[in-house]
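Enquirer: Quick note: the sequence shown uses UniProt numbering, first residue 1, plus one each step. For glycine and all other residues, C-beta sits at the position ideal for the given N, C-alpha and C. Quick one: the structure is below, questions incoming.
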Amino acid sequence: MIDSIRHKEAQVPDSRESQLEDKVVIVTGGARGLGAAAAARMAGDGARIVVTDLLEEAGAATAEELGGLFVRHDVTDPDGWRAVTGAALDRYGRIDGLVNNAGIASNSLLENETLEYFERVVKINLTGVFLGLKAVIEPMKAAGGGSIVNISSAAGLTALPLTSGYGASKWGVRGLTKIAAVELGRYRIRVNSVHPGMTYTPMTAEHGAELGEGNFPLAALGRVGEAGEIGEAVSFLISDAARYVTGAELAVDGGWTAGEVVMMANAGG
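Structure below.
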């Protein structure tokens, strides 16, 4: 038994690079922030990246820097998804991965949230993920499998105030991920969700996020996360290193959703 296990371990590539080498991965909302960080990490690990975003100049610059392809893309548009998958297949001949990252935030009390904005947030954050899942199923089946990472949030694991539309959409992403995982496993397509906590990006900086130790005492680690740390988690889940991981929800939040942080004076070591 031990010899058999060792034999199988010997067959597993020993680096992330070899487990992402030449995989073709689409990253929505990849122009900046978490999407750009995930794209950069995967490109560094050997993947070929298709960056999509409505931010055309920034998206094209990110794709060029990574040696990838840029497609201007509205994730709520089914025709846009057909254009993205078509461009990826035309350039690279296959699709192995998808990171559903594009999204917008909300920052108002439920009683003050407008129906118009609530529906806009849900359409981008949740319907966009639904359309992305549907768009890559056939190409991934043709490739013999694939890996999808849906970016949810700590707000998809616990109730956070001022996030009515955002939180609802991210809980929806969490649930849709699990449904997709159990339906698509027969095609060797894995689907997982990543749940970032407070992470420093251009979007969160607009709401006061700051880097540095002690700047986020609600998290057990006491700080705001960095986009590259989320990128590491995404790259792992897309890679073959996570080949037996599907339907999982990975919190990358410094312990924010693990439980209440209690400051204990004179705590023993």
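Please name the residue or residues paired with H195 in a DSSP beta bridge.
Expert: DSSP, once it has assigned bridges, lists A251 as partnering H195.
Enquirer: Report the rounded CA-to-CA distance for residue 333 versus A180, giving the unit in angstroms.
Expert: Nothing about residue 333 can be read from this structure; the chain reaches only from 1 to 269.
Enquirer: What residue range is occupied by the uninterrupted beta strand (DSSP E) comprising R48?
Expert: First-last of the beta strand (DSSP E) with R48: R48 to D53.
Enquirer: Is there contact between the region 238–258 and the region 55–64, where contact requires at least three CB pairs shorter than 8 Å?
Expert: Result no; under three Cβ-Cβ pairs closer than 8 Å.
Enquirer: Alpha carbon to alpha carbon, what distance is there between Q19 and V25?
Expert: Answer to the nearest angstrom: the Cα atoms are 13 Å apart.
Enquirer: Who are E226's beta bridge partners in DSSP?
Expert: Note: E226 sits in a beta bridge opposite Y200.
Enquirer: Which whole-angstrom value is the C-beta distance of G35 and G29, which I expect to be below 8 Å?
Expert: Correct: roughly 4 Å between the Cβ atoms.
Enquirer: Contact defined as beta carbons within less than 8 Å: I believe G156 pairs with R174. What is the distance between those atoms, to the nearest angstrom?
Expert: Contact holds; Cβ gap of about 4 Å.
Enquirer: To the nearest angstrom, how far is it from the Cα of T199 to the Cα of N192?
Expert: Going from the Cα of T199 to the Cα of N192 covers about 19 Å.
Enquirer: To the nearest angstrom, how far is the alpha carbon of A87 from that of V71?
Expert: Distance between the alpha carbons of A87 and V71 is about 8 Å.
Enquirer: Which one of L126, V129, E138 and G97 has the shortest CA to CA distance from R190?
Expert: Nearest of L126, V129, E138 and G97 to R190, Cα basis: G97.
Enquirer: Specify whether the region 66–81 and the region 108–115 touch according to this definition: at least 3 beta carbon pairs, one from each stretch, less than 8 Å apart.
Expert: Result no; under three Cβ-Cβ pairs closer than 8 Å.
Enquirer: Whose C-beta lies closer than 8 Å to the C-beta of G128 among residues of the same chain, with five residues either side of it excluded?
Expert: Cβ neighbours of G128 beyond the five flanking positions: T28, V75, T76, N100, A102 and G103.
Enquirer: What residue range is occupied by the uninterrupted alpha helix (DSSP H) comprising S169?
Expert: Start and end: S164 to L184.
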